[in-house]
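Numbers -20 to -1, 1 to 243, taken from mature numbering (1 follows the signal peptide of the UniProt record, and there is no 0), label the letters of the sequence shown in order.
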Amino acid sequence: MRIRTFVCFHLVLCCNSALYENDLYFDSSDEKRAECIESSELSTYNYLGDRSHTISGEQCLIWKEVYDITIKELEAKDLKIYKENVAPEEVMLHNKCRTFNLHTLNPRRTALKFQLKGPWCYIRKKKGEIGFERCFDICRGQPREEKTELGKSQYGEKQMEKNYNDELIENIQKYYRSYTWGEVSYYRWKPSDDSFSAEYYRMREQIFYGCVGTVVFLILWLLMCSYLRKEAAAARRRREQAIKMIFPNRKIQMHPVIRPHVS
């Protein structure tokens, strides 16, 4: 009984990984990691990993930077249509390899359609022009299965914990005939770009004018206090002068104005 339990436990902790020639790893269900891609999977494999260089070692360009260049090349009549229908991957702020089709209005779509299959990215050519290249070689040889401990790759590296619904994302192409990544604005949104309601702006305006009114009131109050103090001193001097004129021989004691001491 104990032996059977141990064997079952060992099988649960193991999983199979496919290795090809030169120990290159590929599993069509693993969208986060690949080292080569089977020729039959080039058109369907959806890569979501972190590779950011091409087969030749060229560093990938940031998708959004190429997008900004592209919209400057389009005519005004096509620009609005292109912005509304562009793929979300094309406006990402990273340079990771991805698999998607460019919009029909993209001037680079024709060349890309007939040259590339599988994950790709933009690169900068020697003459400064923008080009594109595949990110993975085709797997060669027959796949062989290697058992690895759960939570680790065949090289002993600990795999990153996934923060998404693994069962849904990994099999999304099986569950749905077609799907979309959603509106482009969702991927380009930042908290600083969030639009506030009209009530927020109205309240902010009221607070601003309230603060301005308070400052103006304080200034007027200080000016009034200063004016009343000067008027009181002048009235005292006039009164003493009048008394002196009425009683010329009377000694008048001048009382200094006592002001509060401010520490």
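Glycine included, C-beta positions come from ideal geometry on N, C-alpha and C.
Check each candidate in the options and name the one with the smallest Cα separation from residue i.
| i | options | result |
| --- | --- | --- |
| Met72 | Trp201, Ile61, Glu163 and Tyr25 | Glu163 |
| Glu113 | Glu1, Lys97, Asp10 and Tyr180 | Lys97 |
| Asp117 | Tyr47, Tyr180, Leu59 and Ser20 | Ser20 |
| Thr34 | Trp201, Phe188, Tyr180 and Arg104 | Arg104 |
| Asn65 | Arg184, Thr160 and Ala215 | Thr160 |
| Glu45 | Thr24, Ile110, Ser8 and Glu18 | Ile110 |
| Thr24 | Ala178, Glu53, Leu54 and Pro99 | Pro99 |
Quick check on DSSP: helix, strand or coil for residue i?
| i | result |
| --- | --- |
| Arg184 | helix |
| Tyr62 | helix |
| residue 261 | Lying outside -20 to 243, the shown extent of the chain, residue 261 is not represented and no answer is given. |
| Tyr27 | coil |
| Tyr(-1) | coil |
| Cys101 | strand |
| Ile223 | helix |
| Arg120 | coil |
| Ile51 | helix |
| Ile199 | helix |
| Arg78 | strand |
Can you give the Cα-Cα distance for residue i and residue j, rounded to whole angstroms?
| i | j | result |
| --- | --- | --- |
| Leu4 | Leu22 | 16 angstroms |
| Thr79 | Asn26 | 6 angstroms |
| Gln122 | Asn2 | 11 angstroms |
| Val192 | Ile199 | 11 angstroms |
| Pro87 | Lys107 | 19 angstroms |
| Glu70 | Ile51 | 12 angstroms |
| Phe201 | Lys60 | In the sequence on display, residue 201 carries Trp and not Phe. Cα to Cα, Trp201 sits roughly 57 angstroms from Lys60. |
| Ser184 | Pro68 | In the sequence on display, residue 184 carries Arg and not Ser. Approximately 35 angstroms between the Cα atoms of the pair. |
| Gln186 | Met204 | 27 angstroms |
| residue 250 | Pro228 | With the chain represented from -20 up to 243, any question about residue 250 goes unanswered, as that position is not in the structure. |
| Phe188 | Ile42 | 42 angstroms |
| Ser8 | Glu18 | 9 angstroms |
| Glu220 | Lys210 | 16 angstroms |
| Met225 | Arg216 | 14 angstroms |
| Val195 | Lys12 | 59 angstroms |
| Arg218 | Phe197 | 31 angstroms |
| Ser158 | Ala178 | 38 angstroms |
| Ala213 | Gly190 | 35 angstroms |
Quick one: residues in its chain with C-beta nearer than 8 angstroms to the C-beta of residue i, no 5 flanking neighbours on either side, listed in chain order?
| i | result |
| --- | --- |
| Arg89 | Asn81, Leu82 and His83 |
| Cys40 | Ser32, His33, Thr34, Asn75, Lys76, Cys77, Cys101, Tyr102, Ile103 and Cys115 |
| Leu54 | Tyr62, Leu85 and Pro87 |
| Tyr181 | none |
Under the assumption that residue i contacts residue j (Cβ atoms under 8 angstroms), give the Cβ distance between them as a whole number of angstroms.
| i | j | result |
| --- | --- | --- |
| Ala14 | Gly37 | Rounded, the Cβ-Cβ distance is 17 angstroms, inconsistent with contact. |
| Asp48 | Leu85 | Contact flag wrong, Cβ pair sits at about 15 angstroms. |
Kindly examine the ligand MG and report whether one of its heavy atoms sits closer than 7 angstroms to the Cβ of residue i.
| i | result |
| --- | --- |
| Arg78 | Absence of the ligand MG is noted for the structure shown, with no ligands found whatsoever. |
Can you find the residues in the same chain that come closer than 7 angstroms, C-beta to C-beta, to residue i, ignoring five residues on each side of it along the sequence?
| i | result |
| --- | --- |
| Ala56 | none |
| Cys16 | Tyr(-1), Leu4, Phe6, Phe116, Asp117, Ile118 and Cys119 |
What residues in its chain sit with their C-beta under 6 angstroms from that of residue i, if we drop five residues either side in the sequence?
| i | result |
| --- | --- |
| Asp10 | none |
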